[in-house]
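Below you'll find the structure, written out as structure tokens, and then a few comments.
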Amino acid sequence: MSSRPGRRGRPRYPDVLTPAEWQVVDAVRHGMPNRQIARRRGVSLDAVKFHVANALAKLGLASRAELRHWPGVPARSALRGPAGSASAGRGASTVETVETELRLGPIGQIARHVSDIPRAVAWYGGVLGLPHLYTFGDLAFFDCGGTRLFLSPAENGAPPADQPVVYFRVPDIHEAHERLTARGVRFEGAPHMIFRHDSGTEEWMAFFADPDGALLAVMAQVPGAG
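Quick note: the sequence shown uses the working numbering, first residue 3, plus one each step.
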């Protein structure tokens with residue numbers, strides 16, 4: 003019998019959760035059900051249930067609902083800052099903050115559902131010319147002048163018909179209409195004025211659809227003369 007001290011098995015992970023548990027917890031906090039998490043992660047449904055149960059036990063939480071609202075931050079996350087200022091148990095920052103008026107910043111991301119991610123990536127990137135940031139599994143991200151466009155597959159295979167319209171601002175709406183038409187984009191009609199402000203500035207728009215039939219538009223503000 004070996005007299006070497008110590009416990010068998012892998013060493014204890016230096017964080018409240020393991021990397022696999024963090025990935026599942028973040029998916030839960032994103033609102034994903036277990037089956038969707040298993041499909042996205044490429045693991046079994048039992049593995050997801052196992053990680054959820056472990057996380058609940060480690061964190062002393064009673065339910066999945068509590069887990070979704072748990073504000074923990076991984077030990078190696080950049081959100082903790084260079085000094086790792088968040089506490090290990092809850093991930094709450096210990097840095098003193100000054101109470102200020104909350105002001106939401108610019109819109110950071112817009113989400114759309116599509117039926118076919120590869121086709122959507124080819125169309126949004128190749129036809130519309132949006133810079134493709136990255137694709138993660140069946141999720142794709144594009145840059146729209148600083149705002150991200152997030153494309154994901156619809157759960158039932160068919161995107162909902164009532165998705166919000168995405169409006170792309172362009173400097174010259176007629177030039178944009180001509181160039182996109184030449185690339186195969188089918189507009190519902192010619193660019194047209196929607197509204198004229200008291201200042202004389204005009205709002206112009208032209209609408210078109212993506213490969214799934216979801217509506218998009220180009221828009222431009224034209225300053226009034228004088």
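Just so you know, even glycine gets a beta-carbon here, dropped at the ideal spot from N, CA and C.
Item: Nearest residue (CA-CA) to W206, options D200, V168, M195; Value: M195
Item: From D17, V187, R105, residue whose alpha carbon lies closest to that of G74; Value: D17
Item: Rounded distance between the beta-carbons of G191 and A178, thought under 8 Å; Value: That belief does not hold up - the Cβ atoms of A178 and G191 are roughly 14 Å apart, past 8 Å.
Item: Endpoints, alpha helix (DSSP H) assigned at F144; Value: Premise fails: F144 lies in the beta strand (DSSP E), 141-146, not in any alpha helix (DSSP H).
Item: Below-8 Å beta-carbon distance, F189 vs any chain C residue; Value: In the structure shown, chain C cannot be found, because there is only a single protein chain.
Item: CB of R114 within 8 Å of CB of L135, strictly; Value: no
Item: Secondary structure of W206, DSSP reduced to three states; Value: strand
Item: Cβ-Cβ separation, F210 to R181 (assumed contact under 8 Å), whole Å; Value: In fact, because the Cβ distance is near 12 Å, the residues do not count as touching under 8 Å.
Item: Proximity winner among L153, A227, G110, relative to N214 (alpha-carbon distances); Value: Correcting the residue type first, residue 214 is Asp in the shown sequence and not Asn. Answer by Cα proximity: L153.
Item: For P73, three-class secondary structure by DSSP; Value: coil
Item: Check: L104 C-beta below 7 Å from any heavy atom of the ligand PLP; Value: Summarising the ligand content, the structure contains no ligands, and the ligand PLP is consequently not present.
Item: Identity of the residue in R31, H176, G186, D164 nearest G131 by Cα; Value: G186
Item: Close-in-space but distant-in-sequence residues of the same chain around A163 (CB under 6 Å, 5 per side omitted); Value: none
Item: Exposure label - A184; buried when at least 16 CB within 10 Å; Value: exposed
Item: Option in S79, L141, G148, P133 with minimal Cα separation from G110; Value: G148
Item: Under the three-state DSSP convention, the category H53 falls into; Value: helix
Item: Member of S65, A216, G128, V129 whose CA lies at the smallest distance from the CA of V167; Value: A216
Item: Where S87 sits in the DSSP three-state scheme; Value: Because S87 carries a pLDDT of 49, less than 50, the predicted location of this residue cannot be relied on, and no value is offered for it.
Item: CA nearest to the CA of H199, picked from I119, V224, I175, Y126; Value: V224
Item: Contacts around V129, its chain only, beta-carbon distance under 8 Å, and the 5 residues preceding and following it disregarded; Value: L182, R185, G186, V187
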